[in-house]
Amino acid sequence: MDVAWPVSIISPVGYFSSTCGYCRPKDGRPRSSCPKSSRSFGMWLHQLSPLDYQALCDQGWRRSGNYVYKPDLERTCCKQISIRLDARRFAMSKGQGRRVRAVIQALSERGDDEVHRMVWGKGKGKGKYAQPIDLEAVFKVLGGEQVEQRPEAALQNAAAMNRYHDQRRQQAEKRRRLAREAKTTSLSPPHIPPVAGPSILAGRDLTSHLYTQLLPASSTGEKYALFRRYQMAIHRESEDEVSDRKGFERFLCKSSLRTTPVQGKTRGGSVMKDANGDPVAYGAYHMEWRLRSSGSSSGQTNGDAHGPAPVDELVAVGVLDILPSALSSVYLFYSPSHANLQLGHLSALREIVLARQLHASGLLTQPRYYMGFYIEDCAKMRYKAGFRPSEVLDVDAGGEGKARTEWREVSEVVERIREGQAYGWRVASPSAEDRRINEKEQAAEQPKAGCEELETSSSDDSGDDSDEDEDDFLPCPSPPGILDPASITPAQMARTAVLEASAQEEGVKPLMIAGLGDTERRQVIECVAALGLELAQRVVFFT
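Per UniProt numbering: the sequence shown = residues 1 to 543.
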């Protein structure tokens, strides 16, 4: 498999304070009246390689349109911690299984027990006889396909198969015995439920079908109308607050993440195709969810000579980035009038299946599913930890040396997160007395010399933070996971490439000979500190 990765071109934005979208007051106050308590470091993307964005995701960055940012886990209000899942190891919880059954029940108008048997294959699936839900089969059923599940597929080994046949023999003998006894009495023999045989998950049994289509990200009037309804109903934005069509396109459709095709065969030896029939590439995609009210068993939108064309309503759109070793979920917007379809949770389950499929095809080197940020204080973001076994990203406290990262299972660190510790979990949790002493010592500390060396005449030393969105420069000490800019040597900076806006005809040149002013030079140095040396020396800075 050969991939020609494009060069990433980015512009520094710097340290930034803004209104937090997670702890916004619910009393109807406009966004402009809320405090700017969300703090992060950001960069603007002119062109981004999927390979480089994979490296950014692995360090705790997230993309919002053409802007990438890394939250300051020390100073921001809501601690936004990167969370991911190994799709191979995912184990569905009982609650998630109930949501799947609720969707099938909503589409089939059947009773809960019958739907349970459709999904699980037999009985209630309790105890040692419990069977895991086959997610891929479930989504085929939702889309109108018929999937046969035989006992040989459900029972995992010879011993289980023997138990199955033993149960059938025992029940047959019990029926014969009760029938003989019934001849001597006036009572009818009690009903004995049969042992489940081959079960059929039949999409044709559903009165409506819910199917997905993977397509390159694009803007349509249908998508924008759905986005507006979602923002106003779910996020309680007024009509004036909802992004206009151009803003919607910048945010969720037009991306600087460059589509990068694969040349030759993948590791899996197969080519996965999108809904247009084109090979899936690395880049930005939309997972469209459509609901059809017809009983047709196909996912096509054209009708036949015997009936009207089915109505395929767009009910949700998942915005996704396909990267070299992960499927990254960017955003989801859905129809508020279809809350019974559990589209928020269902989309995550479908994307887990997609990550498995992309890995099986060889496009992903690892079957990882990046879910964005986990925020303990926000119920709408906290649910992500329920997809187990998920991992959260731990970062070093920043400063001098090399910033290190480590992924930890949520179950290992959730208590420390609830205590307010959003990073640095490799260090033992301090006692309350130790925390009090540390806070007192930190309050008495003076700024590091390294930070002072980077001060320029444009720095604001007035202490007036009334306009916090003009911070621009990194605070001291550096945010967790970001190097101390003063620790980066001239020799290291000499390998940093810059394209000057005022001298583009001169081409890319090393930072050390670029004619940048103090402010622009400092911005580039801080970007290098935020990216890390390896990634920073792979990209081009446009200033």
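Think of the CB as a built atom: it goes at the ideal place given N, C-alpha and C, for glycine as much as any other residue.
The model shown is predicted, which means the values in this text are computed figures rather than measured ones.
Close-in-space but distant-in-sequence residues of the same chain around T220 (CB under 7 angstroms, 5 per side omitted): Taking the first residue of the sequence shown as 1, we reach residue 220 at position 220. Within the same chain, T220 has no close Cβ partners at all.
Length at least 4, wholly inside the UniProt domain "N-end aminoacyl transferase N-terminal" (18-96): the alpha helix (DSSP H) runs in chain order: List check, alpha helix (DSSP H) in window: 50-57.
DSSP three-state assignment for P216, whether helix, strand or coil: Translated into positions along the sequence shown, residue 216 becomes position 216. Strand, per DSSP.
Own chain partners of L48 with C-beta closer than 6 angstroms, once the 5 adjacent residues on each side are dropped: Position 48 of the sequence shown, counted from the start, is the residue given in the question as residue 48. Here the set comprises S8, S256 and L257.
Burial state of G277 (16 or more Cβ within 10 Å): Along the sequence shown, one-based indexing puts residue 277 at 277. Exposed: under 16 other Cβ atoms inside 10 Å.
Local Cβ density within 10 Å of S40, reported as buried at 16 or more and exposed below that: Indexing the sequence shown from 1 puts residue 40 at position 40. S40 should be labelled buried.
For P12 and M493, the rounded distance between their alpha carbons: On the sequence shown, position 493 is the one that residue 493 refers to. On the sequence shown, position 12 is the one that residue 12 refers to. Each residue's alpha carbon lies about 15 angstroms from the other.
Range of the contiguous alpha helix (DSSP H) that encloses F387: If you number the sequence shown from 1, residue 387 lands on position 387. From DSSP, F387 is part of no alpha helix (DSSP H); its letter is neither H nor E.
Selected residue, minimal CA-CA separation from H345, among R99, D2, S17 and L45: In the sequence shown, residue 345 corresponds to position 345, counting from 1. For H345, the nearest C-alpha among the options comes from R99.
CB of Y331 within 8 angstroms of CB of R84, strictly: If you number the sequence shown from 1, residue 331 lands on position 331. If you number the sequence shown from 1, residue 84 lands on position 84. Taking C-beta atoms as the reference points, Y331 and R84 fail to come closer than 8 angstroms.
As assigned by DSSP and simplified to three states, the class of F248: On the sequence shown, residue 248 is found 248 positions in, with the first residue counted as 1. The DSSP-derived three-state label of F248 is helix.
Rounded separation between S337 and D240 - CA only: Within the sequence shown, the letter at position 337 stands for residue 337. Within the sequence shown, the letter at position 240 stands for residue 240. Going by the C-alpha atoms only, they are around 21 angstroms apart.
Length of the line joining the Cα atoms of P479 and Y53: By 1-based counting over the sequence shown, the position of residue 479 is 479. By 1-based counting over the sequence shown, the position of residue 53 is 53. CA-to-CA, the gap between P479 and Y53 works out to about 20 angstroms.
Spatial distance of I81 from L349 (CA atoms): By one-based count along the sequence shown, residue 81 stands at place 81. By one-based count along the sequence shown, residue 349 stands at place 349. Rounded to the nearest whole angstrom, the C-alpha separation of I81 and L349 is 21 angstroms.
Rounded straight-line distance, which links the Cα of V410 to that of V68: The sequence position of residue 68 within the sequence shown is 68, counting from 1. The sequence position of residue 410 within the sequence shown is 410, counting from 1. One C-alpha to the other measures close to 24 angstroms.
Inter-residue CB distance, W44 and I10 (contact presumed, cutoff 8 angstroms): Against the sequence shown, residue 44 aligns to sequence position 44. Against the sequence shown, residue 10 aligns to sequence position 10. Correct: roughly 7 angstroms between the Cβ atoms.
Buried versus exposed call for D396 [16 or more other C-beta atoms within 10 Å across all chains shown]: Translated into the one-based positions of the sequence shown, residue 396 becomes position 396. Buried, by the Cβ-count rule.
Local conformation of L210 per DSSP, three classes: Taking the sequence shown and counting its residues from 1, one reaches residue 210 at position 210. Strand, per DSSP.
Whole-number beta carbon distance between V498 and V524, since they are thought to touch under 8 angstroms: Position 524 of the sequence shown holds residue 524. Position 498 of the sequence shown holds residue 498. Rounded to the nearest angstrom, the Cβ distance from V524 to V498 is 6 angstroms, consistent with a contact under 8 angstroms.
Counted within 10 angstroms of its Cβ, other Cβ atoms place I513 as buried (16 or more) or exposed: The residue given as residue 513 occupies position 513 in the sequence shown. Counting Cβ neighbours within 10 Å, I513 comes out exposed, since fewer than 16 surround it.
V138 - containing beta strand (DSSP E), residue span: Taking the first residue of the sequence shown as position 1, residue 138 is located at position 138. Where V138 is concerned, there is no enclosing beta strand (DSSP E), although the alpha helix (DSSP H) it sits in stretches over L135 to L142.
CB contact flag (R356, V315, <8 angstroms): In the sequence shown, the residue the question calls residue 356 occupies position 356. In the sequence shown, the residue the question calls residue 315 occupies position 315. Contact: no.
Cβ shell of S458 (< 6 angstroms), same chain only, five flanking positions each side left out: In the sequence shown, counting from the first residue as 1, residue 458 sits at position 458. Per-residue confidence for S458 stands at a pLDDT of 34, beneath the threshold of 50, marking its modelled position as unreliable; no derived number is given.
R169 and P367 closer than 8 angstroms at C-beta: Start at 1 with the first residue of the sequence shown, and residue 169 comes out as number 169. Start at 1 with the first residue of the sequence shown, and residue 367 comes out as number 367. At a Cβ-Cβ threshold of 8 angstroms, R169 and P367 do not count as neighbours.
8 angstroms contact criterion, which C78 and C378 should meet: CB distance rounded: Translated into the one-based positions of the sequence shown, residue 78 becomes position 78. Translated into the one-based positions of the sequence shown, residue 378 becomes position 378. About 6 angstroms separates the two Cβ atoms, so the contact holds.
Under 8 angstroms between C-beta atoms of F333 and Y230: Position 333 of the sequence shown, counting from 1, holds the residue named residue 333. Position 230 of the sequence shown, counting from 1, holds the residue named residue 230. A contact, by the Cβ cut-off of 8 angstroms.
Closest by C-alpha distance to E391, when choosing among R408, M381 and R404: Counting from one through the sequence shown, the residue named residue 391 turns up at place 391. Looking at the Cα atoms, R408 is the closest of the given residues.
Straight-line gap, V142 to H209 (C-alpha atoms, nearest Å): For the purposes of this step, residue 142 is taken as the residue at position 142 of the sequence shown. For the purposes of this step, residue 209 is taken as the residue at position 209 of the sequence shown. A quick correction: the sequence has Leu, not Val, at residue 142. For L142 and H209, the distance between alpha carbons rounds to 5 angstroms.
Complete alpha helix (DSSP H) runs within the stretch 323-362 (minimum length 4 residues, chain order): Runs of the alpha helix (DSSP H) spanning 4 or more residues and lying entirely within the stretch 323-362 occur at 343-361, in chain order.
Proximity of L214 and A275 at Cβ, strictly below 8 angstroms: If you number the sequence shown from 1, residue 214 lands on position 214. If you number the sequence shown from 1, residue 275 lands on position 275. For the 8 angstroms CB-CB criterion, L214 and A275 form a contact.
Beta carbon proximity, E222 to chain D, threshold 8 angstroms: Absent here is chain D; the protein component of the structure consists of one chain.
Burial state of Q146 (16 or more Cβ within 10 Å): Here residue 146 corresponds to residue number 146 of the sequence shown, with the count starting at 1. Q146 comes out exposed.
T207 classed as buried or exposed, judged by whether at least 16 other C-beta atoms fall within 10 angstroms: One-based indexing of the sequence shown puts residue 207 at position 207. That one is exposed.
P35 versus E237: straight-line alpha-carbon distance, rounded: Against the sequence shown, residue 35 aligns to sequence position 35. Against the sequence shown, residue 237 aligns to sequence position 237. P35 and E237: Cα-Cα distance of roughly 18 angstroms.
Cβ-Cβ distance between G247 and M1 below 8 angstroms: By one-based count along the sequence shown, residue 247 stands at place 247. By one-based count along the sequence shown, residue 1 stands at place 1. Against a cut-off of 8 angstroms, the Cβ pair of M1 and G247 comes out as no contact.
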